[in-house]
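Just below is one structure, and these are the notes that go with it.
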Amino acid sequence: MPAEGVDLTPKERLLTTSEIVTLAKLFINEGIDKIRLTGGEPLIRSDIEEIVGDLKKIPGLKWLAMTTNGIVLKRKLSALRQAGLDALNISLDTLVPVKFEFITRRNGWKKVIEGIDCALELGYDPVKINCVVMRGLNEDEINDFVAFTKDKKVDVRFIEYMPFDGNKWNDKKMVPYQEMLGIIKSKYPDIKRLEDKDNDTSKAYKVDGFAGQIGFITSMSEHFCGSCNRLRITADGNLKVCLFGNSEVSLRDALRSGVSEDELLSIIGAAVGRKKKQHAGMFELAKMKNRPMILIDFLYNIKSPFLKRHMSSDCKQLTHIDAQGKMKMVDVSDKPVTTRTATAQAIVHLGHDLFQLVSNNEMKKGDVLATAQLAGIMAAKETSRLIPLCHNIPLNKVNVTCKLIPESAQLVINSTVKCDGKTGVEMEALTAVSVAALTVYDMCKGTNKSIEISDIKLLTKTGGKSGDFSRN
Numbered sequence: 001m002p003a004e005g006v007d008l009t010p011k012e013r014l015l016t017t018s019e020i021v022t023l024a025k026l027f028i029n030e031g032i033d034k035i036r037l038t039g040g041e042p043l044i045r046s047d048i049e050e051i052v053g054d055l056k057k058i059p060g061l062k063w064l065a066m067t068t069n070g071i072v073l074k075r076k077l078s079a080l081r082q083a084g085l086d087a088l089n090i091s092l093d094t095l096v097p098v099k100f101e102f103i104t105r106r107n108g109w110k111k112v113i114e115g116i117d118c119a120l121e122l123g124y125d126p127v128k129i130n131c132v133v134m135r136g137l138n139e140d141e142i143n144d145f146v147a148f149t150k151d152k153k154v155d156v157r158f159i160e161y162m163p164f165d166g167n168k169w170n171d172k173k174m175v176p177y178q179e180m181l182g183i184i185k186s187k188y189p190d191i192k193r194l195e196d197k198d199n200d201t202s203k204a205y206k207v208d209g210f211a212g213q214i215g216f217i218t219s220m221s222e223h224f225c226g227s228c229n230r231l232r233i234t235a236d237g238n239l240k241v242c243l244f245g246n247s248e249v250s251l252r253d254a255l256r257s258g259v260s261e262d263e264l265l266s267i268i269g270a271a272v273g274r275k276k277k278q279h280a281g282m283f284e285l286a287k288m289k290n291r292p293m294i295l296i297d298f299l300y301n302i303k304s305p306f307l308k309r310h311m312s313s314d315c316k317q318l319t320h321i322d323a324q325g326k327m328k329m330v331d332v333s334d335k336p337v338t339t340r341t342a343t344a345q346a347i348v349h350l351g352h353d354l355f356q357l358v359s360n361n362e363m364k365k366g367d368v369l370a371t372a373q374l375a376g377i378m379a380a381k382e383t384s385r386l387i388p389l390c391h392n393i394p395l396n397k398v399n400v401t402c403k404l405i406p407e408s409a410q411l412v413i414n415s416t417v418k419c420d421g422k423t424g425v426e427m428e429a430l431t432a433v434s435v436a437a438l439t440v441y442d443m444c445k446g447t448n449k450s451i452e453i454s455d456i457k458l459l460t461k462t463g464g465k466s467g468d469f470s471r472n
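In UniProt numbering, the protein residues as written are 1 to 472.
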């Protein structure tokens, strides 16, 4: 909680129960099967049991979780369990009651511990505990939290301190994951790394013989943006595609204006399509305007084919970027040799006068189409010299074709490349059509400098681990 507190959102600006359920149905119908209710503090809503019950009735929802500060959890958890709440995260940054009051601006440490014990008694396994580690405040308690897992089936996740409005960001407060791990290993040298689940944000560890485990959420030092598949809807109905981003789209206003379901999906799809491959670094984030963390999350949706359709990449992560966001060349040593093909296309808009000259082979520089074809073939063979991280691949075949379209005065250039290798030839095909199109421009620019090159794209590819691709 920021020292100055936060302004409460007027009730009329909050999503109503029915609006929450309507949006949830929309996302679930698009393939999202996991939702997390978070905050702020979801348990301050008088209708929280109703929300949980209504969400659990939606066909297709497999998992409903909640993140809470735990202050009133013990009093409400039994009803929430009966309503269908599947999993719990409890925010707790200290095991010292006096320090708890300093951090949260209120009493209640004992109530949070009672809430954790109540959750364990009701069968939540594990109960996840979110602990934001801050230098000079609670890094001395890291091993105390590890000891907390000895007899309790809890999963303590140490979270790197993150820059948000209201928390007086200071990079010196951040304790990076590797430093935290070093502190733990000084007392528990045999702590073991566990296998993480798909799209998990936490790096999991466990001390042998302990009932629970720990983990690290490394948003700052080792971001997991490449595998992030989460969307957030704030309590006042704004869609955030990145926790750290300051871009928001109001779904509440769209709902209340009476837009159709298809229009809502278009709004959501456009927002998701603009999601960046990774958030900014901590110093850039510190300068960005964003909500305080306490005002960000309410509805938290994960694991959806909907995101895959609208994200800019079909991959879970960028293969040429390492964990630190730096470029790398992919190691293909262990890949099998298979037959691979790729076909790409580019369109050159010539204009009608130039089109006639090219089609009649009347250009002063010579045969434009034959030269473009030859340039495309040569370029395919030189791709690894032009594209920094491409592998040098022996090519079996390069075919470049040029087709004139009189109706639109366009030249359509296609290239098909084939090889037997450990990696694909998509870049070779794309390079071929790109250079062929540029060659056309070079040979014709004296006649028409308004030539446009467009629609450079991969049409098909076959072979390799990622399977076949065909553009509809």
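Note that CB positions come from ideal geometry on N, CA and C, so glycine has one too.
Asked                                                                                                           : Found
Test item: CB-CB of Lys173 and Gly136 under 9 angstroms                                                         : yes
Inter-stretch contact (C-beta, 8 angstroms, three-pair minimum) for the stretch 439-452 and the stretch 343-350 : yes
Residue interval of the beta strand (DSSP E) (run including Val398)                                             : 397-405
Inter-residue Cα distance where the pair is Lys335 and Cys419                                                   : 14 angstroms
Simplified DSSP assignment, three categories, for Leu37                                                         : strand
Inter-residue CB distance, Glu428 and Leu395 (contact presumed, cutoff 8 angstroms)                             : 7 angstroms
Span separating the alpha-carbon of Gly115 from that of Glu121                                                  : 10 angstroms
First through last residue of the alpha helix (DSSP H) which encompasses Asn392                                 : Unbroken run through Asn392: none, as it is neither H nor E.
Phe158 - partner residues in DSSP beta bridges                                                                  : Cys131, Phe216
Limits of the unbroken alpha helix (DSSP H) element including Arg340                                            : Counting along the chain, Arg340 falls outside any alpha helix (DSSP H), though it belongs to the beta strand (DSSP E) covering 338-349.
Inter-residue spacing [alpha-carbon to alpha-carbon] between Tyr441 and Gly421                                  : 33 angstroms
Given Cys131 as reference, the closest of Thr201, Trp63, Ile217, Gly424 once Cα atoms are compared              : Ile217
Alpha-carbon to alpha-carbon, Leu438 and residue 484                                                            : This structure cannot settle anything about residue 484, because the visible part of the chain is limited to 1 through 472.
Identity of the residue in Leu26, Glu195, Asp190, Thr371 nearest Gly208 by Cα                                   : For the record, residue 208 in the displayed sequence is Asp; it is not Gly. Cα-wise, what sits closest to Asp208 is Asp190.
Alpha helix (DSSP H) segment containing Arg252, residue limits                                                  : 251-256
Counterpart residues of Ile71 in DSSP-defined beta bridges                                                      : Per DSSP, none; premise fails for Ile71.
C-alpha distance - Ala375 paired with Leu264, whole-angstrom precision                                          : 47 angstroms
Beta-carbon spacing of Ser384, Val398 below 9 angstroms                                                         : no
Sub-9 angstroms separation of Glu41 and Thr17 beta-carbons                                                      : no
Among Glu160, Val127, Met329, nearest to Ala65 - alpha-carbon criterion                                         : Val127
Check whether Thr431 and Leu386 have beta carbons under 9 angstroms apart                                       : yes
Cβ separation of Ala119 and Leu77, assumed to be a contact under 8 angstroms, to the nearest whole Å            : 6 angstroms
Per DSSP, cross-strand counterpart(s) of Val417                                                                 : Ala342, Val398
Separation of Asn89 from Thr67, as counted between CA atoms                                                     : 4 angstroms
Distance, Leu251 Cα to Val146 Cα                                                                                : 41 angstroms
Local Cβ density within 10 Å of Lys365, reported as buried at 16 or more and exposed below that                 : exposed
Pairwise C-alpha distance: Ala380 and Gly467                                                                    : 22 angstroms
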